[in-house]
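Protein sequences, first through last, are from chains A and P.
Quick note, the first sequence lines up with residues 1 to 462 if you use the UniProt record's numbering.
Quick note, the second sequence lines up with residues 1 to 462 if you use the UniProt record's numbering.
The C-beta atom is built at its ideal place from N, Cα and C for all residues, glycine as well.
Heads up, the thing below is written out as structure tokens.
Number of protein chains: 2
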Amino acid sequence: MTEKKYNNDYVQDILNIINSDHTLKEKRDLLDEYHDKDIAEAFELLPKEERKLFFDYFDTKRLSSIIGYIEDSEDYIQDFGYKKYAMLLNKMDLDDAVDILENLNENTKSRLLPYLHVKRREDIFLIKSFNPDQIGHEITTNFISIERGLTIRQAMKELVKQSSTHDNINTIYVTDHNQYYGAIDLKDLIVARENDDLEEIIATSYPHVYAHEMISDCIDEIREYEEDSIPVLNDDNEIIGVITSTDITDFIEDEQDEDYAKLAGMTEQSDLDETVKDGMKKRLPWLILLLFLGMIVSTVVGLFESVVAEIAIVVCFQSLILDMAGNVGTQSLAVTIRLLVDENISTKDKLKFILKELNIGLSNGTILGLLSFVFIGFYIMIAKNRPFMDAFILSGCVGVSLFVAMVFSSLVGVVIPMFFHKIKVDPAVASGPLITTINDLVAVVTYYGLAWLLLIQIFHVH
Amino acid sequence: MTEKKYNNDYVQDILNIINSDHTLKEKRDLLDEYHDKDIAEAFELLPKEERKLFFDYFDTKRLSSIIGYIEDSEDYIQDFGYKKYAMLLNKMDLDDAVDILENLNENTKSRLLPYLHVKRREDIFLIKSFNPDQIGHEITTNFISIERGLTIRQAMKELVKQSSTHDNINTIYVTDHNQYYGAIDLKDLIVARENDDLEEIIATSYPHVYAHEMISDCIDEIREYEEDSIPVLNDDNEIIGVITSTDITDFIEDEQDEDYAKLAGMTEQSDLDETVKDGMKKRLPWLILLLFLGMIVSTVVGLFESVVAEIAIVVCFQSLILDMAGNVGTQSLAVTIRLLVDENISTKDKLKFILKELNIGLSNGTILGLLSFVFIGFYIMIAKNRPFMDAFILSGCVGVSLFVAMVFSSLVGVVIPMFFHKIKVDPAVASGPLITTINDLVAVVTYYGLAWLLLIQIFHVH
């Protein structure tokens, strides 16, 4: 039985090989066995002197792929020098190269650009002509494309030729007078016999996207095809690149991130590199809206000033009830947003979902209402030194309000986002402030209303 | 220029072909051009009678792949009958078959099982021996594997042979006496010349995972390799299956979903099919905890009963300040959780991040504090009919409290999750209740404390 080895150990193996007494040739052969990503990790752990030697260990094509795995590659430009680093950018997947260039400062960029091939500069220019929300901004030119009308043997030969520079070979794209015509699954080409007709194995209705499409509009559909790559066309139906399954994973993650950032009351997700000003701008709109909506709640609380003036103890439990209602609303909102991501959900399923949330609200509301009735009753008796009856009338108000607020919040947390979804307003962005305000209002009116009725009007507690 | 056609139209095309007057042979040829996913969508739109004919249009291998794209396939079992449906399950990707079987009721399942191949039943049994959180539960046996020591020609022949039943061919796995030995990139096999040594193109340090590993523990690392498939080994180092890039996208999405469900105060994410009881159980723990933490806040508010009793109007703005503090805390928590997902973040970056959040809190706090000072001042004058001085002393208390609460919340929202992350407690699950409670306490003490000091002690407002 061979020794079990976790992937983490590979990086250590690579470091050991580099630091060993092997000849350069031996090192090259040994390093050949490792994955580019593990080599990239080892690279980052090495001192500058050792990093410089990487041009001896690997050819530029492989080294470009290794460097493509490094996130902050700016630090390493000086290891290789501008000219050599530009050679790597020339061979790298186009989207990786663009990512690296976009993160460089203007000075470094302008020193690298003259060393890039004309074709590469054109491709970069093309990608940058798209907005970051568009598919075209994320394409790579790493794909194989052949003209229609070849024989199986010619197609295979063309594949072998192109695969020296392009390694996304699982799907081979076919053009007809430069326009996108269809796709060949590599498996079918391999299995085909020499005298088969190539046309037979071309799927002319293989999915595709246009470069100008918004990522958020087409990502869910593209993903459902479960393909390794999808061709991206310009408006003249020419293939200008592909997006890969790795890109799709990134898109899905980004999209989900945005949704939840919106739930937390931000216009979009932040990251480490953003400026304070950008961070402010993303959060301020919701906060200002909430301030003014909060004034509505304040006005309603103001109607009960007299209750508070007479029996100040009621104020103690306001935060408890409002926090609880707020949290239940957030829970319902979070599950509803997730449900609404699925476009195919039927009205019947939506009703079923609303009923289920209502049921959960009723059950949890009952449990917490009873719990707080008993617990808060004793709390008031002991901590506040109030008579038994007074304590349990007040804790009854808290319990009932908690129950009502929780049931109501679980309904509001579902219905409001569904409503916004129906009228085509992004439910993640619009629901939060409205739900908070409605829940606060219901909770406040129920609690102070009950307190007024029971404590003041009926039982004359003071 | 060919007509531009969006992918949606494909489904309509397929329906048109099926409903056309073409012969069966012609329909078969035409349908051959379309993607399995589009055909699956068309299938779902057809009446029962038309669906039955799908066994005539496609061979079982292709039809199994089509059915693999349908989510609720239970409805369609009767279209084909148990025996034919079982034939599809035999040919389908193992993980798709397991997904379908897991969603069937016991009766249907027991009628299908006798028709499944022994090998397939064993594989299903193997998958089900893993917990759904483990990698082994998500594997497919759709992969190519060859023994070490073949020639290039033999390897190619073996690939062609196996690819009739297994279409994940991009990476070919190599075993040595049945144990995992390494992987061959298909591209290298295609480019290799007949007398090259196969051993040369085997990467013996290609990444792998063990079936018993938890998905959440290894998914981030697996993903970084950006491969189409990763081999999954048992404890004897035998390959029992692979996970594909599609699986990885699903894992990433699920993991992110769980994180945000936890942020919303649930132990895990819900879905449409869960029972009310399960839904309750996921939400109740946090709610009960919050109830008891809320009691702490209530106790502290209780200390200021006398302030409220004397100047009841102060109670109007409590909800405003607490909601605002809560929201700022949620914003900071959401961005911090996202930051902490990246394991490689340095202490320097963390400090930089804390400082940035603090800065955002200071800026937004200043803006909102001033806004509410002015706006609420006039509001109290007009709506509550109070003299200018009184109004602006009170709105001053609100403004200052809002500022303090917002700055403090933005700090707490960052520091608490970082602390939990440090002590290896899941920050998404543990942070919420603590942050809410601390923020409430700070806001309440600042606000009522200030009101007591300014309104009662210094200016004697009443």
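- A325 of chain P is not a Cβ neighbour of Q331 of chain A, given a cutoff of 7 Å.
- Closest in C-alpha terms to V341 of chain A, from the list A:I219, A:S245, A:T60, comes A:I219.
- Where V174 of chain A is concerned, there is no enclosing alpha helix (DSSP H), although the beta strand (DSSP E) around it starts and stops at 171-176.
- Cβ atoms of I248 of chain A and R223 of chain A come within 8 Å of each other, at about 5 Å.
- At least one CB atom of chain A sits nearer than 7 Å to the CB of M280 of chain P.
- It is roughly 13 Å from the alpha-carbon of I423 of chain P to the alpha-carbon of V429 of chain P.
- F317 of chain A sits close to S298 of chain P, with the two beta carbons spaced by under 7 Å.
- In the assembly as shown, Q457 of chain A is an exposed residue. Its beta-carbon has fewer than 16 other beta-carbons within 10 Å.
- For N234 of chain A, same chain residues with a beta-carbon under 6 Å away, outside a window of 5 residues either side, are A211, I240 in chain order.
- In this structure, the alpha-carbon of H166 of chain P lies about 40 Å from that of E122 of chain A.
- Here the alpha carbons of S431 of chain P and K281 of chain P stand approximately 19 Å from one another.
- Take the alpha-carbon of G149 of chain A and the one of A192 of chain P: they are about 26 Å apart.
- Contact between the stretch 162-177 of chain A and the stretch 111-122 of chain A is not established, with fewer than three Cβ pairs separated by less than 8 Å.
- For the C-beta of H212 of chain P, not a single chain A residue is nearer than 7 Å; the gap to the nearest is close to 12 Å.
- In the DSSP annotation of this structure, the continuous segment of the beta strand (DSSP E) that includes I144 of chain P starts and ends at 144-147.
- Chain A places no beta carbon closer than 7 Å to that of A97 of chain P, leaving this residue out of the contacts.
- Taken in chain order, the members of the stretch 311-325 of chain A whose beta-carbon sits within less than 8 Å of a beta-carbon on chain P are A312, I313, V315, C316, F317, Q318, S319, L320, L322, D323, M324.
- Within the stretch 16-48 of chain A, the residues whose Cβ lies closer than 8 Å to any Cβ of chain P are, in chain order, D32, E33, Y34, H35, K37, D38.
- Counted as a single uninterrupted DSSP element, the stretch harbouring I139 of chain A is not any beta strand (DSSP E), since DSSP gives it neither H nor E.
- In the displayed model, A97 of chain P falls within a helix according to three-state DSSP.
- When secondary structure is reduced to three states using DSSP, S20 of chain P falls in the coil class, being assigned neither helix nor strand.
- No Cβ of chain A is located within less than 7 Å of the beta carbon of V412 of chain P.
- Using a Cβ distance threshold of 7 Å, L94 of chain P and V300 of chain P do not count as a contacting pair.
- At a cut-off of 7 Å between C-beta atoms, K161 of chain P does not count as an interface residue with respect to chain A.
- According to the DSSP assignment, L233 of chain P belongs to the beta strand (DSSP E) that extends over 229-233.
- Annotated three-state conformation of S163 of chain A is coil, per DSSP.
- Excluding sequence positions up to five before and after A203 of chain A, its CB lies within less than 6 Å of the CB of G182, A183, all in the same chain and listed in chain order.
- Every beta strand (DSSP E) stretch that sits fully inside the UniProt domain "CBS" (202-258) of chain P and reaches 3 residues is listed by chain position as 229-233, 239-244.
- Neighbours of R223 of chain A in chain P, taken as residues at a C-beta separation under 8 Å, are given in chain order as T249.
- With a minimum length of 4 residues, the unbroken runs of alpha helix (DSSP H) contained wholly in the stretch 295-319 of chain A fall at 305-310.
- Annotation for Q179 of chain P: no alpha helix (DSSP H) segment contains it, though the beta strand (DSSP E) segment containing it runs 179-185.
- Within the same chain, V407 come within 7 Å of L362 of chain A by CB-CB distance, once the 5 residues on both sides are set aside.
- At a Cβ-Cβ threshold of 7 Å, P417 of chain P and L293 of chain P do not count as neighbours.
- In its chain, beyond the 5 residues on either side, I380, K384, R386, L394 have a beta carbon closer than 8 Å to the beta carbon of I313 of chain A.
- If you draw a straight line from the Cα of L454 of chain P to the Cα of C397 of chain P, it is about 8 Å long.
- C-alpha of A42 of chain A to C-alpha of S229 of chain P: approximately 23 Å in a straight line.
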